[in-house]
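Accompanying notes for the structure given below.
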Amino acid sequence: MNEYKLKDMIVGLTQSFSVDITNEMMDLFLRLSGDNNPLHIQREFAKGMGFSDRVVYGMLTSSFYSTLAGVYLPGKYCLLTGIDVSFHKPVYVGDRLTITGEIEFISESTGQVEMKARILNQKNEKVSKSKIKFSLLE
Amino acid sequence: MSMLEKLQPIFREIFDDESIIITKQTTANDIEDWDSLTHINLIVAIEKHFNIKFALGELQSLQNVGEMLALIEEKVKKNE
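Protein sequence lines correspond, in order, to chains A and B.
Taking my numbering, the leading residue of the first sequence gets -11, the next gets one more, and so forth.
Taking my numbering, the leading residue of the second sequence gets 1213, the next gets one more, and so forth.
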């Protein structure tokens, strides 16, 4: 786990990690959230709606933004204060996602930092992007 | 456009309330959602919009929007 503090923050600082999406993650997210929409749990329904398989929960993929901030950038001293997310392409079980964050703005007077982040799949397609705001615990 | 008029849309966006009308006498007590987190968001939005940086501790003594305006104007002038 990284341990960046406010003094270490510089615009352009970047961190990245990858994760493989599994059936187990989908099952766990279903249990956790109770979101049993058929698009996420029934392959035939998803195919009937024009997708190639059941669609991975957008909020499951977004949970990796939490990991990005809480583990990688800034890591240990992160206090997440806001996140805006948009989804651009469907994610499927078996996809390998790469989550990347880059520091974009630092407010020294308030201690708030803004990071732009994105998730690419194994084909280098952007599946999601976000703007993440956090403070640093001192 | 006056500085107050430039600030107005920033306040409306941060507090997500199109009906907000700020004056120089407006304080945090006049806006229901003005808590510590929205205060930070407001300051950051002002810093970005006017391309200025407040110093640590510079904001704590501000009593109302008018005093905030004066500080913003001073910083914008220094940038010119």
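Glycine included, each C-beta is placed from N, C-alpha and C at the ideal position.
Buried or exposed: where does residue i fall if 16 or more other Cβ atoms within 10 Å of its Cβ makes it buried?
i                  : result
Lys64 of chain A   : exposed
Lys121 of chain A  : buried
Glu1244 of chain B : exposed
Arg42 of chain A   : buried
Gln110 of chain A  : exposed
Ala1267 of chain B : exposed
Glu1259 of chain B : buried
Gly89 of chain A   : buried
His28 of chain A   : buried
Ala105 of chain A  : buried
Ala34 of chain A   : buried
Alpha carbon to alpha carbon, how far is residue i from residue j?
i                  : j                  : result
Gly46 of chain A   : Gln1220 of chain B : 35 Å
Asn1253 of chain B : Thr49 of chain A   : 26 Å
Met9 of chain A    : Leu56 of chain A   : First, the residue type needs correcting, since residue 9 of chain A is Ile and not Met in the sequence shown. Roughly 16 Å between the two C-alpha positions.
Asn25 of chain A   : Val44 of chain A   : 11 Å
Asp15 of chain A   : Ser21 of chain A   : 10 Å
Phe1227 of chain B : Glu32 of chain A   : 44 Å
Ser116 of chain A  : Val7 of chain A    : 14 Å
Phe5 of chain A    : Val1256 of chain B : 28 Å
Ser97 of chain A   : Ile1284 of chain B : 13 Å
Leu1216 of chain B : Leu61 of chain A   : 36 Å
Ser95 of chain A   : Thr1235 of chain B : 25 Å
Gly58 of chain A   : Leu68 of chain A   : 8 Å
Does the separation of the CB atoms of residue i and residue j fall below 9 Å?
i                  : j                  : result
Leu(-6) of chain A : Gly99 of chain A   : yes
Pro78 of chain A   : Phe39 of chain A   : yes
Asp72 of chain A   : Lys114 of chain A  : no
Cys66 of chain A   : Leu1 of chain A    : no
Ile(-2) of chain A : Ile87 of chain A   : no
Phe1262 of chain B : Lys1287 of chain B : yes
Determine whether the Cβ of residue i lies closer than 9 Å to any Cβ atom of chain B.
i                 : result
Glu126 of chain A : no
Asp98 of chain A  : In the sequence on display, residue 98 of chain A carries Thr and not Asp. Yes, Thr98 of chain A lies at the interface with chain B (some Cβ there is under 9 Å from its Cβ).
Ser95 of chain A  : yes
Ser118 of chain A : no
Ser74 of chain A  : no
Lys121 of chain A : yes
Which partner residues does residue i have in the DSSP bridge list?
i                  : result
Leu16 of chain A   : Answer is none; Leu16 of chain A lacks a bridge partner.
Leu68 of chain A   : A:Phe122
Thr98 of chain A   : DSSP, once it has assigned bridges, lists no residue as partnering Thr98 of chain A.
Met47 of chain A   : None; Met47 of chain A has no bridge partner.
Ile107 of chain A  : A:Ile87, A:Ser116
Gln1293 of chain B : Because chain B here runs from 1213 to 1292, residue 1293 of chain B falls outside it and cannot be looked at.
Asp8 of chain A    : A:Arg84
Gly63 of chain A   : A:Glu(-9)
Closer than 9 Å, CB to CB, is residue i near chain A or not?
i                  : result
Phe1227 of chain B : no
Ile1252 of chain B : yes
Ala1282 of chain B : no
Ile1255 of chain B : yes
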